[in-house]
Amino acid sequence: MSNSEKKMKTVEESRTEMTKLLRYADINGQNRLFGGQLLAWIDEVAGVAAMRHCGGQITTCAIDNLRFKEGAVLNDIIVLIARVTYVGNTSMEVRVDTYKEERETGLRYLINHAYLVMVSVDDEGHPKPIPYGLELTNDTERMEWEGALRRREGRTYRQQQGF
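The sequence shown finishes on residue 170 if you use our numbering, and the numbering steps up by one all the way, no holes.
The structure is reproduced here in structure tokens:
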């Protein structure tokens, strides 16, 4: 079934936001947010967005283009926002933006962004078709879709090269 024949969901229908307050357990030896903890949160919020889009179970296939822009410290408010950017037959790409939120003003500063590839799976863990396409409602969403196609080509090329 092609995307044009599928029922459609918008990006906003699966958008997922998660908020965390940094605690001692989240901090590394340099008194900053431990990257492994942030990666776990990114995977979790991306997984929820992907499940919301496909209406079923998913598994993480790849994490692509993970960029750390700035650190965070104890008691910082961290906000993660996940959006589906591309939907194929059995896989979808999810962008996760991570922000540090100022307590006084509520202003958010981007500290990280990542793209993840999530695969829709059946009860045995085998890939299964995603029943919903992605309805793009604005230019930003269309640009993300185009970027996802380029990132997909890059992943395919790297895989062919043995990476």
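Glycine is no exception: its CB is placed at the ideal position from the N, C-alpha and C atoms.
Taking DSSP's pairing of strands, which residues face residue i in a bridge?
i      : result
Thr105 : Leu87 and Asn119
Gln64  : Val128
Ala69  : Val124
Val94  : Met99
Leu40  : Ile34
Met25  : Leu87
Met15  : Gly140
Arg74  : His120
Are the beta-carbon atoms of residue i and residue j separated by less than 8 Å?
i      : j      : result
Lys14  : Pro138 : yes
Ile65  : Gly54  : yes
Leu87  : Val52  : yes
Lys76  : Ile118 : yes
Arg149 : His120 : no
Glu142 : Thr17  : yes
Leu45  : Thr105 : yes
Val80  : Ser98  : no
Glu100 : Tyr122 : yes
Got a sec, what are the start and stop residues for the beta strand (DSSP E) residue i sits in?
i      : result
Tyr31  : Segment: none, Tyr31 is in no beta strand (DSSP E) and carries neither H nor E.
Gly142 : Contrary to the premise, residue 142 reads as Glu rather than Gly in this sequence. Tyr139 to Glu142 is the span of the beta strand (DSSP E), which, as asked, contains Glu142.
Thr112 : Per DSSP, Thr112 belongs to no beta strand (DSSP E) and is neither H nor E.
For the alpha helix (DSSP H) that residue i lies in, which residues bound it at each end?
i      : result
Glu153 : Asp146 to Gln167
Val18  : Val18 to Ser21
Report the rounded CA-to-CA distance for residue i versus residue j, giving the unit in angstroms.
i      : j      : result
Gly140 : Met25  : 24 Å
Glu19  : Phe41  : 29 Å
Asn72  : Leu156 : 14 Å
Ala32  : Gly43  : 11 Å
Arg159 : Thr144 : 22 Å
Asp50  : Cys68  : 11 Å
Asn96  : Arg30  : 40 Å
### Query
Is it a yes or a no for the region 126 to 134 touching the region 154 to 167, going by three-plus beta-carbon pairs under 8 Å?
The region 126 to 134 vs the region 154 to 167: no contact.
### Cβ contact (3+ pairs, closer than 8 Å) linking the region 107 to 118 and the region 78 to 95
Cβ pair count under 8 Å is three or more, so yes.
### Message
Taking contact to mean 3 or more Cβ pairs, one atom from each stretch, closer than 8 Å, check whether the region 86 to 100 and the region 55 to 62 are in contact.
### Response
Look at the beta carbons and you see the region 86 to 100 touching the region 55 to 62: at least three pairs across the two are nearer than 8 Å.
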